[in-house]
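Colleague:
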Amino acid sequence: MRTQVGIVGAGPPGLMLAHLLRREGVDAVVLEARDRSYVEGRIRTGVLEQGTVDLLKTLGLGERMERLGLLHHAIEVGYEKQRFRIDMTALTGKSVMVYGQHEVVTDLIAGAEAAGIPILFGVEDVALEGIAGPSPTIRFRRGGVGEELHCDYIAGCDGFHGISRAAVPDGVLTTYKREYPFSWLGILAEAAPSLDELLYMHSDCGFALFSMRSPTVTRLYLQCDRTENLAEWPDERVWEELHRRFESMDGWMPKAGPVLQKSITAMRSFVTAPMQFGRLFLAGDAAHIVPPTRAKGMNLAIADVKVLATCLSAAIREGKASALDCYSEVCLRRIWSAQRFSWWMTSMLHNSLEDSAFDRRRQIAELEYVTHSVAAATSLAENYVGLPIENPF
Ligand SMILES: Cc1cc2nc3c(=O)[nH]c(=O)nc-3n(C[C@H](O)[C@H](O)[C@H](O)COP(=O)(O)OP(=O)(O)OC[C@H]3O[C@@H](n4cnc5c(N)ncnc54)[C@H](O)[C@@H]3O)c2cc1C
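Residue numbers (this note's numbering): 13 to 405.
1) Checking 7 Å against the spacing of the C-beta atoms, do S215 and M279 come in under that value?
2) For the alpha helix (DSSP H) containing P146, name the first residue and the last one.
3) Since A285 contacts L324 with CB under 8 Å, what's their CB separation in whole angstroms?
4) Taking a contact to mean a Cβ-Cβ separation below 7 Å, would you say V41 touches T64 in this structure?
5) How about V17 and L33: do their beta carbons lie closer than 7 Å?
6) What distance in whole Å lies between the Cβ atoms of I276 and L242, which are believed to be in contact at a cut-off of 8 Å?
7) Can you tell which of S49, A326, V302 has its C-alpha closest to the C-alpha of M357?
8) Using beta-carbon positions only, say whether I150 and A22 come within less than 7 Å of one another.
9) Could you say if the region 286 to 306 and the region 250 to 266 meet the contact criterion of at least three C-beta pairs nearer than 8 Å?
10) According to DSSP, which residues form a beta bridge with F289?
11) What does the Cβ neighbour count give for S364, buried or exposed, with the cut at 16 atoms within 10 Å?
12) Give a single yes or no on whether R46 has its beta carbon closer than 6 Å to a heavy atom of ligand 1.
13) For G174, which residues of its own chain have a beta-carbon under 7 Å away from its beta-carbon, when the five flanking residues on both sides are left out?
14) Please confirm whether any heavy atom of ligand 1 lies closer than 6 Å to the CB of G171.
15) Distance, Cα to Cα, S359 vs Y396?
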């Protein structure tokens, strides 16, 4: 088999890249280790920045999102049992869309099917060869049979645990990382959201986030220990802890309901640089991870492939191979800016055993500043809705 761009991974960036390349007249084949229903059902993040929303609409893939997504103009930030509203649209002219990552993936797969973009699900033993030379190859097995995909370029969109980053020879990549001393326990509950906007709540017992997936499903998170065991968190304990953390002077509480899903997510910041080697280009979680405090992971991944599609198109259609040289540099500028913001939000809102009384007072001072100063709120809002995606040329 032969194609111009072989894409490893059918997560949001892999699928989006295939669509963007198709629009430019460049052929791509997507290889995915899991089956279609698994990929479409994988619950993860759910806040889309305006840049991501606009891109889905431009590609003609926004119809379901516009119908089912929840447009949000503001967030709430709470501390010391009080809640404050930050109106992002008033401060920046932009908004965000609450629409699950699995819905985005479902729309991208349906769109690929309609456009005849090949996605090979359930491939095994994927291996990259010849990435330093002019004709890289992806070897894999499908239905027990070995196959080869010959490409001009390969996009490694296979997430943090994928094989693409590991295919780069030792010594080429530099990694930067920070592990946080806490995790997030998240639940999906069948309960109508009892607030219209997301609430980021600082409390003495730890951080909690109120969000929603739809008019009937609430998404809630609470900070927990890094070594926490899910089996020790029966539903009653989760609700008790959520109620303790969300307690506020006006008596508001999230509505409880049957728990549909429960999971623990580690918190880490991770960046690899550069994001390319030879004819292999990394995008999304394969190259960087942000803590989920501001749901930037998928948005960053989509921004990567918007830049990559422009560079690949110039290299393939116009013969300008040097157009790919700037890929890492352009993406990393935005990635580091998102890393700074996600780290800042995380450290402002979470408690850590290492924190002293000084740290707690500093957090409260920061929360007071962000919720009472227009300048500070504007800085938060500008980063929250997402900085513009740079055009590489
Ligand atoms: C459990 C979890 C919870 C998260 N929650 C949040 C959140 O609340 N907020 C937030 O902002 N971000 C969150 N994220 C991060 C966000 O979902 C990611 O940033 C986003 O999915 C990036 O997409 P990706 O395609 O790069 O990686 P992934 O979504 O991991 O997709 C990679 C794809 O590649 C496939 N793949 C892997 N290896 C191979 C292989 N060898 N061959 C072929 N295919 C392969 C995988 O099956 C997968 O489909 C979460 C991530 C995880 C893992």
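The C-beta atom is built at its ideal place from N, Cα and C for all residues, glycine as well.
Modeller: Result, derived from the coordinates:
1) With respect to the 7 Å criterion, S215 and M279 are not classified as neighbours on the basis of their beta carbons.
2) Segment: none, P146 is in no alpha helix (DSSP H) and carries neither H nor E.
3) Actually they do not touch by this definition, with Cβ atoms about 20 Å apart.
4) Going by beta carbons, V41 and T64 fall outside the 7 Å limit.
5) Using a Cβ distance threshold of 7 Å, V17 and L33 count as a contacting pair.
6) Yes, L242 and I276 are in contact; Cβ-Cβ is about 6 Å, under 8 Å.
7) Of S49, A326, V302, the residue nearest in Cα terms is V302.
8) For the pair I150 and A22, the CB atoms are not nearer than the 7 Å cut-off.
9) No contact exists between the region 286 to 306 and the region 250 to 266.
10) DSSP lists L292 as partners of F289.
11) A residue is called buried when at least 16 other Cβ atoms come within 10 angstroms of its Cβ; S364 does not meet this threshold and is exposed.
12) Distances between the C-beta of R46 and the heavy atoms of ligand 1 include at least one below 6 Å.
13) Result list for G174: V20, G21, G168, A298, in chain order.
14) Correct: G171 has its Cβ closer than 6 Å to ligand 1.
15) If I take the Cα positions, the gap works out to 15 Å.
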